[in-house]
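Notes to accompany the following structure.
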Amino acid sequence: MRALLDTCVIVDALQCREPFCKDAQDLFLAAASNLFVGCITAKASTDIYYLMHRYTHNDRASREVLNKLFTLFEVADTAGIDCRRAIPSPVSDFEDAVMIETAARTEVDCIVTRNIQDFVKSTVPVLTPRDFLRKLADD
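Be aware that the sequence shown starts at 1, since it is given in the UniProt record's numbering, and climbs by one per residue.
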């Protein structure tokens with residue numbers, strides 16, 4: 001199974017943001033155990049760097065976090081076609097619409113986010129981290 005992880009889930013794990021930390025960190029462990037193939041978007045990597053640098057105030061540490069993420073997760077390129085297809089999308093948030101288009105084009109099985117209400121009109125199945133972990137356990 002391949003899953004595209006939303007930026008919020010990655011940052012929840014890295015910064016141990018409660019009450020989301022445990023499920024997010026369990027996703028990292030499941031990916032490290034090869035229970036699924038996790039993906040992040042290339043665009044998410046810049047957001048993650050920014051948020052980690054703001055949190056740590058340390059460029060080197062923030063880059064090392066990205067290096068470790070790139071070892072654990074695949075990086076899905078967001079293409080121009082994803083942006084163009086997101087424009088007429090019924091998903092009101094453009095950034096989310098681009099993520100959905102990237103997920104569809106790269107043929108992931110689902111998007112994992114804690115903001116499922118933002119993805120109600122997604123053409124790709126969307127699960128919370130907890131629901132995704134349950135699905136992994138059931139499969």
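The beta carbon of each residue, even a glycine, is placed where N, CA and C say it ideally should be.
How big is the Cα-Cα spacing for residue i and residue j?
i: Asp6; j: Ala44; result: 8 Å
i: Asp139; j: Val124; result: 19 Å
i: Ala42; j: Val98; result: 12 Å
i: Phe20; j: Leu133; result: 13 Å
i: Tyr49; j: Ala137; result: 31 Å
Under the assumption that residue i contacts residue j (Cβ atoms under 8 Å), give the Cβ distance between them as a whole number of angstroms.
i: Phe73; j: Ala31; result: 6 Å
i: Pro129; j: Ala61; result: Actually they are not in contact, since the Cβ atoms of Pro129 and Ala61 sit about 24 Å apart, beyond 8 Å.
i: Glu101; j: Asp82; result: 4 Å
i: Leu51; j: Val108; result: No, Leu51 and Val108 are not in contact; Cβ-Cβ is about 22 Å, not under 8 Å.
For residue i, which beta-bridge partners are listed by DSSP?
i: Glu74; result: Cys39
i: Leu4; result: Cys39, Ile111
i: Leu127; result: Val112
Let's test the definition: count the other Cβ atoms within 10 Å of the Cβ of residue i and tell me whether it reaches 16, buried, or not, exposed.
i: Gly80; result: exposed
i: residue 140; result: This structure does not reach residue 140, given that the chain is present from 1 up to 139, and the question cannot be answered.
i: Met1; result: exposed
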